[in-house]
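One structure is given below, encoded as structure tokens.
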Amino acid sequence: MRWDPTAWVERLWFDPGPGARLLSYALLPLAGLYGTGMALRRKLVRRRSFGLPIVSVGNLLVGGTGKTPFLAALAGRYEGVWIVSRGYGRRSRGLVTVSKPGKILASVAEVGDEAMLLARKLPRAGVIVAENRAEGIEAARRQGARLLFLDDGFNRVGIEKFEILLEPAKLPNRFVIPAGPFREFPSTARRADLHLKEGRDFHREVHIEGARKRMLLATAIARPERLEPWLPEGVVDRLLLPDHGWFDEERLQEAMERCGAESLLVTEKDAVKMEGFKLPLSLMRLELCITDAALAAVDAYVKDAYAT
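The numbering used here numbers the first residue of the sequence shown as 3 and each following residue consecutively.
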């Protein structure tokens, strides 16, 4: 079997055995240097105001914690919304307008799977991808944004914003990169305006559409083992790609034939990269349910920001 460095690092960080824990401890001096550098960056960089309310949905960990479905559930409650994302995994660079209210303007290859998913789930919003988030915010403001959501924005320390920090239900490794998955020291969470934990402040609901008796799970998400609690009966095999990976229709067809699958079981994030494929899909539709208290806190910020 071909060695997968990404999967190896994920096991080190998120599912460490005894040997992996020893390696994590050995890497702690480097982690301390990295974390200290990130802490100094937070103190030295000045925050810039853009003259409109900005809500950031982010986390402290590398990898998925449900930011995209959370953002979709939250942003869909407001009018005049634009979203700025980096566009992870896209085959382009620079600033690209993904969508304007009511119209998709780019391809998934140009903007990445998460940005396209947001554009499709939020047809009344506008979506922009840009490595330089400040440029993306300015572009959204020029196009009439009244409220802006910043995807994966907690570590964008130079932007004045309302910080929502998402935390997974379990944290088996609380060390900073490279000893663990944290981008900054865990104590940085106290800087968030709203620190939400899965299972306490929000939870996932998954509905399977078009289930078949025999399905091949095909997915390109971070830590695909997170799907296990919601997998239906009938999953006969798995085809796992790196996060934001791209699917090949011929390879998928061959994999289905090998295991006798009647359909591909995919997430919504995967499905946007399979548009035009002539293969039957069974869809795992994920919704995040957020507590009333968390929603009220965001409502209060938005109301106050509009009033000033």
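The beta carbon of each residue, even a glycine, is placed where N, CA and C say it ideally should be.
Using DSSP with H/G/I as helix, E/B as strand and the rest coil, what is residue i?
{"i": "residue 206", "result": "strand"}
{"i": "residue 304", "result": "helix"}
{"i": "residue 106", "result": "strand"}
{"i": "residue 189", "result": "helix"}
{"i": "residue 152", "result": "strand"}
{"i": "residue 133", "result": "coil"}
{"i": "residue 311", "result": "In the structure displayed, the chain extends from 3 to 310; residue 311 sits before or after that span and is not available."}
{"i": "residue 3", "result": "In this prediction, residue 3 has a pLDDT of 43, which is less than 50 and means its spatial position is unreliable; what the coordinates show is noted afterwards. It is coil, neither helix nor strand."}
{"i": "residue 287", "result": "strand"}
{"i": "residue 222", "result": "coil"}
{"i": "residue 94", "result": "coil"}
{"i": "residue 51", "result": "coil"}
{"i": "residue 239", "result": "strand"}
{"i": "residue 64", "result": "coil"}
{"i": "residue 84", "result": "strand"}
{"i": "residue 16", "result": "helix"}
{"i": "residue 293", "result": "coil"}
{"i": "residue 258", "result": "helix"}
{"i": "residue 184", "result": "strand"}
{"i": "residue 39", "result": "helix"}
{"i": "residue 11", "result": "helix"}
{"i": "residue 139", "result": "helix"}
{"i": "residue 162", "result": "coil"}
{"i": "residue 299", "result": "helix"}
{"i": "residue 113", "result": "helix"}
{"i": "residue 251", "result": "helix"}
{"i": "residue 211", "result": "strand"}
Can you give the Cα-Cα distance for residue i and residue j, rounded to whole angstroms?
{"i": "residue 218", "j": "residue 134", "result": "38 angstroms"}
{"i": "residue 29", "j": "residue 173", "result": "18 angstroms"}
{"i": "residue 46", "j": "residue 188", "result": "19 angstroms"}
{"i": "residue 258", "j": "residue 36", "result": "44 angstroms"}
{"i": "residue 216", "j": "residue 302", "result": "47 angstroms"}
{"i": "residue 111", "j": "residue 163", "result": "29 angstroms"}
{"i": "residue 196", "j": "residue 296", "result": "8 angstroms"}
{"i": "residue 73", "j": "residue 255", "result": "33 angstroms"}
{"i": "residue 2", "j": "residue 132", "result": "Given that the chain is displayed from residue 3 to residue 310, the structure contains no residue 2 and the question cannot be resolved."}
{"i": "residue 290", "j": "residue 95", "result": "30 angstroms"}
{"i": "residue 81", "j": "residue 127", "result": "8 angstroms"}
{"i": "residue 139", "j": "residue 236", "result": "44 angstroms"}
{"i": "residue 171", "j": "residue 277", "result": "32 angstroms"}
{"i": "residue 222", "j": "residue 300", "result": "31 angstroms"}
{"i": "residue 3", "j": "residue 155", "result": "Residue confidence is low: residue 3 scores 43 on pLDDT, short of 50, so the model does not pin down where it sits. No coordinate-derived value is stated."}
{"i": "residue 43", "j": "residue 267", "result": "42 angstroms"}
{"i": "residue 279", "j": "residue 34", "result": "47 angstroms"}
{"i": "residue 22", "j": "residue 182", "result": "10 angstroms"}
{"i": "residue 210", "j": "residue 145", "result": "37 angstroms"}
{"i": "residue 326", "j": "residue 246", "result": "Outside the displayed range of the chain (3 to 310) lies residue 326, so it cannot be described from this structure."}
{"i": "residue 305", "j": "residue 194", "result": "19 angstroms"}
{"i": "residue 285", "j": "residue 103", "result": "25 angstroms"}
{"i": "residue 282", "j": "residue 243", "result": "19 angstroms"}
Pick out whichever of the options has its Cα sitting closest to the Cα of residue i.
{"i": "residue 213", "options": "220, 226 and 234", "result": "234"}
{"i": "residue 311", "options": "179, 185 and 228", "result": "As displayed, the chain neither begins before 3 nor continues past 310, which places residue 311 out of reach and without an answer."}
{"i": "residue 313", "options": "192, 254, 175 and 248", "result": "It is not possible to answer for residue 313, since the shown part of the chain is limited to 3 through 310."}
{"i": "residue 25", "options": "170, 175, 57 and 94", "result": "175"}
{"i": "residue 152", "options": "41, 275 and 55", "result": "55"}
{"i": "residue 207", "options": "144, 220 and 231", "result": "231"}
{"i": "residue 11", "options": "59, 41 and 64", "result": "64"}
{"i": "residue 220", "options": "113, 69 and 273", "result": "273"}
{"i": "residue 67", "options": "225, 308 and 282", "result": "225"}
So, is residue i buried or exposed, given that buried needs 16 or more other C-beta atoms within 10 angstroms?
{"i": "residue 117", "result": "buried"}
{"i": "residue 32", "result": "exposed"}
{"i": "residue 158", "result": "buried"}
{"i": "residue 186", "result": "buried"}
{"i": "residue 51", "result": "exposed"}
{"i": "residue 92", "result": "buried"}
{"i": "residue 248", "result": "exposed"}
{"i": "residue 88", "result": "buried"}
{"i": "residue 60", "result": "buried"}
{"i": "residue 115", "result": "buried"}
{"i": "residue 99", "result": "buried"}
Let me check one thing: in DSSP terms, what residues is residue i bridge-paired to?
{"i": "residue 197", "result": "167"}
{"i": "residue 268", "result": "285"}
{"i": "residue 26", "result": "Bridge partners of residue 26: none, in fact."}
{"i": "residue 217", "result": "237 and 265"}
{"i": "residue 99", "result": "130"}
{"i": "residue 56", "result": "150"}
{"i": "residue 178", "result": "184"}
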